[in-house]
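**Q** Mind having a look at this structure? Questions to follow.
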Amino acid sequence: MNNNVRVRLAPSPTGYLHLGTLRVALYNYAFAKRNGGKFILRIEDTDQNRLVDDAVENIITTLKTIGVEFDEGPGKGGEFGPYVQSERLDIYRKYIDKLIADGNAYYCFCDKETLDTMRAEQMAKKEDPRYDRRCLKLSTEEVEARIANGDPYVVRLRMPDDKVFKFNDAIRGDVEIHSSTVDDQVILKSDGFPTYHLAACVDDHLMEISHVFRGEEWISSTPKHLWLYECLGWDAPKFVHLPLIMNTDHSKLSKRKNDVSVENYLKKGYPVAAIINYIAIIGWHTSDDREFFSLDDLCKEFSLDRVNKANGVFDIVKLNWMAGMYIREMSNEDLLEKCQPFFIKAGLDTSDRTKMLAVMENAKDRISYYEQSVEQSEMFFKDLEISEEDIEVLKSESSQTVIKYFLDNLDNLNWDDMDEVGTFIKKGSKEIGVKGKNYYFPLRISLFGSSHGPDIPKLFAILGKDGVRNRFSKALV
RNA sequence: GACCCCUUCGUCUAGUGGUUAGGACUCAAGAUUUUCAUUCUUGCAACAGGAGUUCGAUUCUCCUAGGGGUCGCCA
60 MNNNVRVRLA PSPTGYLHLG TLRVALYNYA FAKRNGGKFI LRIEDTDQNR
110 LVDDAVENII TTLKTIGVEF DEGPGKGGEF GPYVQSERLD IYRKYIDKLI
160 ADGNAYYCFC DKETLDTMRA EQMAKKEDPR YDRRCLKLST EEVEARIANG
210 DPYVVRLRMP DDKVFKFNDA IRGDVEIHSS TVDDQVILKS DGFPTYHLAA
260 CVDDHLMEIS HVFRGEEWIS STPKHLWLYE CLGWDAPKFV HLPLIMNTDH
310 SKLSKRKNDV SVENYLKKGY PVAAIINYIA IIGWHTSDDR EFFSLDDLCK
360 EFSLDRVNKA NGVFDIVKLN WMAGMYIREM SNEDLLEKCQ PFFIKAGLDT
410 SDRTKMLAVM ENAKDRISYY EQSVEQSEMF FKDLEISEED IEVLKSESSQ
460 TVIKYFLDNL DNLNWDDMDE VGTFIKKGSK EIGVKGKNYY FPLRISLFGS
510 SHGPDIPKLF AILGKDGVRN RFSKALV
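Written out as structure tokens, the structure reads:
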């Protein structure tokens with residue numbers, strides 16, 4: 060396309076990196092890479108009341124572990140900085156003053172109560188709640204006097220009365236909204252901070268952003284932004300309104316109904332590649348049946364015209380499946396590296412590497428995220444808890460025969476060759492004349508604590524000679 | 001309520017003016033396996049509805065319905 064592509068991720072540090080934000084980040088990043096452009100991180104901290112202390116830090120570190128690197132941003136620098144909005148207040152003020160001077164914005168002294176009553180009255184009359192512009196009627200002298208008097212004020216953007224705003228959205232095509240349905244938005248708050256609308260527009264222009272990727276919830280305020288650009292004499296960027304990610308009940312993805320912070324998935328040990336992959340394919344697909352994509356694949360293949368218009372449901376079941384697929388592709392060594400911290404946290408002894416690798420081999424087919432490897436493996440580290448029912452099975456004469464046979468013959472077995480272990484186990488069945496469940500269940504109950512679980516050779520590999528002997532001894536009545 | 005956006009299996013989606021409407025997850029059945037898990041095979045399951053354009057619409061147009069979003073000195 061062109062090499063002037065500049066996109067930005069503009070999260071507000073009111074919480075940890077959100078799944079929705081991650082997807083916007085992924086698309087931004089892939090789009091920038093695909094088009095040889097730049098990806099910028101900008102922190103939108105204009106709401107001083109909702110700031111979360113370590114949110115900025117979390118956003119940056121999470122992006123880093125995801126592998127989405129920004130070219131310009133906080134801590135990284137760039138020629139369009141600063142990249143934190145609270146450090147750009149004087150810039151915004153300059154443009155706000157210009158808007159006021161040109162008659163495109165005005166001071167408003169209405170307090171919260173006034174506004175609330177106004178809204179309530181309008182609602183009662185079945186009118187659309189809208190600022191009634193009473194402060195627009197104030198004389199210049201009166202405005203100056205009130206400001207001099209220290210009265211708190213905000214600045215509102217004066218929307219045109221009769222204008223149709225049109226823009227061509229990269230995902231949705233032409234969109235038209237009439238100015239009469241748009242309120243005179245506050246652009247400067249009484250605490251001296253600009254609102255999103257003003258700050259984002261000014262920054263996007265100053266930072267030469269070419270494409271604004273954001274959620275669909277912004278479509279209805281796009282006229283405000285278009286008007287701001289027009290008043291300031293600037294060209295608007297291309298808007299890319301992405302479909303939303305939804306809860307299973309089709310409401311907007313929320314904390315109440317889902318884990319929405321990427322941090323939580325990382326903490327549980329979902330493979331990073333799986334998180335990226337799954338989030339990316341909610342709302343974007345290639346034209347074939349493919350659904351496995353690495354971040355690199357995304358950078359090579361992402362395109363706007365393959366982004367869907369409709370909202371997509373976040374399906375944890377499919378994420379779990381996909382995460383499991385990624386885990387099954389891993390080597391035992393790699394898996395161990397990822398799972399070990401969870402074992403240590405659970406107080407399990409991970410010093411025996413051979414055992415740990417065998418434990419991984421077993422856990423691999425059964426988990427979706429690393430944390431689950433612990434619950435799949437605890438029984439190899441602790442005393443077995445056997446159900447009453449299974450204890451009855453163990454007590455039977457044939458079970459005892461099986462166990463005794465193994466105890467007697469364990470010494471003859473070469474543990475270095477696992478194939479040999481397999482044949483040894485099969486041979487036992489013939490020698491003592493017990494087969495099927497009657498043979499395998501007592502073995503599994505003795506070694507694993509349940510009649511359902513890994514195959515016997517796997518258990519032998521995990522437990523080792525001493526472990527096997529020890530558990531068989533305990534199973535003897 | 002007003003405005004805006006959206007609509008293919010339960011979910012994520014592919015697709016075309018003429019297809020047995022394809023794939024994936026889930027679910028079911030079967031195979032492999034001593035069991036569970038994995039894996040493999042098969043199956044269930046969708047074009048929101050109504051007009052119109054057309055020889056022919058899931059595909060194009062309009063209407064209706066449904067869903068979602070916005071209507072904050074939050075982003």
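Sequential numbering of the first sequence, starting at 60, is according to my numbering. Beta carbons: idealized from backbone N, C-alpha and C, even for Gly. Just so we're clear, the structure is a prediction, and the values are computed from it rather than from any experiment.
Rounded to whole angstroms, what is the Cα-Cα separation between Ser320 and Ile491?
**A** Roughly 57 angstroms between the two C-alpha positions.
**Q** Going along the chain, which residues of its own chain have a beta-carbon closer than 8 angstroms to the beta-carbon of Trp343, five neighbours each way excluded?
**A** Once the five neighbours on either side are set aside, the close Cβ partners of Trp343 are Tyr86, Phe361, Arg365, Val366, Asn367.
**Q** Thinking C-alpha only, which one of Asp263, Asp242, Ala183, Lys248 is nearest Val64?
**A** Out of Asp263, Asp242, Ala183, Lys248, Asp263 has the C-alpha closest to the C-alpha of Val64.
**Q** Taking the C-alpha atoms as reference points, what is the distance between Gly126 and Ile230?
**A** For Gly126 and Ile230, the distance between alpha carbons rounds to 26 angstroms.
**Q** CB-CB under 7 angstroms to Pro72, same chain, minus the five flanking residues each way: which ones, in chain order?
**A** Once the five neighbours on either side are set aside, the close Cβ partners of Pro72 are Ile102, Asp104, Leu110, Val111, Ala114, Val115, Ile118.
**Q** Does the stretch 448 to 461 come close enough to the stretch 413 to 424 that 3 or more CB-CB pairs lie under 8 angstroms?
**A** No: fewer than three Cβ pairs fall under 8 angstroms.
**Q** Using the three-state DSSP reduction, which class does Val64 fall into: helix, strand or coil?
**A** Val64: coil per DSSP, three-state reduction.
**Q** Please give me, in chain order, every unbroken run of the alpha helix (DSSP H) with length at least 4 that falls completely inside the stretch 178 to 211.
**A** Taking only runs of at least 4 residues, the alpha helix (DSSP H) segments lying wholly in the stretch 178 to 211 are 199 to 207.
**Q** Rank Leu78, Arg67, Val66, Leu535 by C-alpha distance to the C-alpha of Leu303 and give the top, closest one.
**A** Nearest option by C-alpha distance: Leu78.
**Q** According to DSSP, what are the bridge partners of Trp343?
**A** Val366.
**Q** For Lys404, count the other beta carbons within 10 Å of its own beta carbon; 16 or more makes it buried, fewer makes it exposed. Which is it?
**A** Lys404 comes out exposed.
**Q** Going straight from the alpha carbon of Leu76 to that of Arg205, what length do you get?
**A** One C-alpha to the other measures close to 42 angstroms.
**Q** What residue does the beta strand (DSSP E) around Ala164 start on, and which one ends it?
**A** First-last of the beta strand (DSSP E) with Ala164: 164 to 167.
**Q** Quick check: the Cα distance between Ile99 and Met266, rounded to an integer number of angstroms?
**A** The alpha-carbon atoms of Ile99 and Met266 are separated by roughly 9 angstroms.
**Q** Can you tell me which of Ser458, Phe483, Asp476, Met477 puts its alpha carbon nearest to the alpha carbon of Leu469?
**A** Measuring from the Cα of Leu469, the nearest candidate turns out to be Phe483.
**Q** Give the list of continuous alpha helix (DSSP H) stretches no shorter than 4 residues that lie fully inside the stretch 403 to 448.
**A** Runs found: 412 to 422, 431 to 434.
**Q** Buried or exposed: where does Phe90 fall if 16 or more other Cβ atoms within 10 Å of its Cβ makes it buried?
**A** By the neighbour-count rule (16 or more Cβ atoms within 10 Å), Phe90 is buried.
**Q** For Ala417, collect the residues of the same chain with a Cβ closer than 6 angstroms to its Cβ; drop the 5 residues on either side in sequence, then sort them by chain order.
**A** For Ala417, where only same-chain residues beyond five positions count, the Cβ hits under 6 angstroms are Ala520, Ile521.
**Q** Where in the stretch 209 to 263 do unbroken runs of the beta strand (DSSP E), each at least 3 residues long, occur, reported from the N-terminal end onward?
**A** For the stretch 209 to 263, whole beta strand (DSSP E) runs of length 3 or above, ordered along the chain, are 213 to 216, 223 to 228, 232 to 237, 245 to 247.
**Q** Please specify which runs of the beta strand (DSSP E), each continuous and at least 3 residues long, are wholly inside the stretch 262 to 319, giving them in chain order.
**A** Qualifying beta strand (DSSP E) stretches, in chain order: 270 to 274, 297 to 301.
**Q** Under the three-state reduction of DSSP, which class applies to Val536: helix, strand or coil?
**A** DSSP places Val536 in coil when its eight states are reduced to three.
**Q** Once the 5 residues before and after Phe224 are set aside, which same chain residues still bring their CB inside 6 angstroms of it?
**A** Cβ neighbours of Phe224 beyond the five flanking positions: Ile236, Pro282, Leu285.
**Q** Can you tell me which of the three DSSP states Phe129 falls into?
**A** If DSSP states are grouped into helix, strand and coil, Phe129 belongs with coil.
**Q** With DSSP collapsed to three states, give me the class of Leu76.
**A** Here Leu76 sits in coil by DSSP.
**Q** By alpha-carbon positions, which one of Ala333, Met419, Thr413, Phe272 ends up nearest to Asp475?
**A** Of Ala333, Met419, Thr413, Phe272, the residue nearest in Cα terms is Thr413.
**Q** Among Val452, Leu466, Ser390, Lys157, which residue has its Cα nearest to the Cα of Arg528?
**A** Residue Leu466 is the option with its Cα nearest to Arg528.
**Q** Going by the DSSP bridge assignment, what does Phe98 pair with across the sheet?
**A** Note: Phe98 sits in a beta bridge opposite Val66.
**Q** Quick check on Gly573: does DSSP put it in helix, strand or coil?
**A** Residue 573 is absent from the model: the chain starts at 60 and stops at 536.
**Q** For my contact list, His300 and Asp243 are in at a C-beta cut-off of 8 angstroms; report their separation, rounded to the angstrom.
**A** Incorrect: roughly 23 angstroms between the Cβ atoms, too far for contact.
**Q** With a threshold of 8 angstroms on Cβ separation, who are the neighbours of His256 within its own chain once the five nearest residues in sequence on each side are excluded?
**A** So the list reads Leu216, Gln244, Ile246, Ser280, Lys283, His284, Leu287, once near-sequence residues are dropped.
**Q** So Lys359 and Arg93 are supposed to be a Cβ contact under 8 angstroms. How far apart are they, rounded?
**A** Sure, about 7 angstroms apart at Cβ, within 8 angstroms.
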